[in-house]
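Report on one structure; see the data block that follows.
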Amino acid sequence: MNKNKKPLHKQDLNFVFGKKNYVVMGIGLAVIALGFILMAGGGSDDPNVFNPEIYNFRRIRLAPTLVLIGFAIEVYAILLTPRKK
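Given below as structure tokens:
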């Protein structure tokens, strides 16, 4: 029998990212979700009535900016190098 073989019940759990990467990814996903939530709504119940509320600052400027910032946070989280112990 080969002595270098590891037991079958023991597994090496090597994750691609560290804990800090996953925390920053979670923050980025929360910012993206907040941006999409702020972008929602503003429609009219009656299709014959125009509602100028869809062109307010929150839906045109703030929400897309939050989504882009969230994507930038995601890129940062992927490129973040975990610290060596």
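Residue 71 in the UniProt record's numbering sits at position 71 of the sequence shown, and the numbers go up by one each step. Even for Gly, the Cβ is constructed at its ideal location relative to N, Cα and C.
Counted as a single uninterrupted DSSP element, the alpha helix (DSSP H) harbouring Tyr76 occupies residues Ala63 to Leu79.
Closest in alpha carbon position to Gly43, among Asn56, Phe15 and Lys19, is Asn56.
Cα atoms of Glu53 and Phe15: separation of roughly 46 Å, rounded to the nearest angstrom. Here Val67 has Ile32, Gly35 and Phe36 as same chain residues with Cβ atoms under 7 Å from its own Cβ, once five neighbours each way along the sequence are excluded. Spatial neighbours of Met25 in its own chain (CB-CB distance under 7 Å, excluding positions within 5 residues in sequence) are listed in chain order as Glu74 and Ala77.
Around the C-beta of Gly28, 16 or more other C-beta atoms lie within 10 Å, and the residue is accordingly described as buried.
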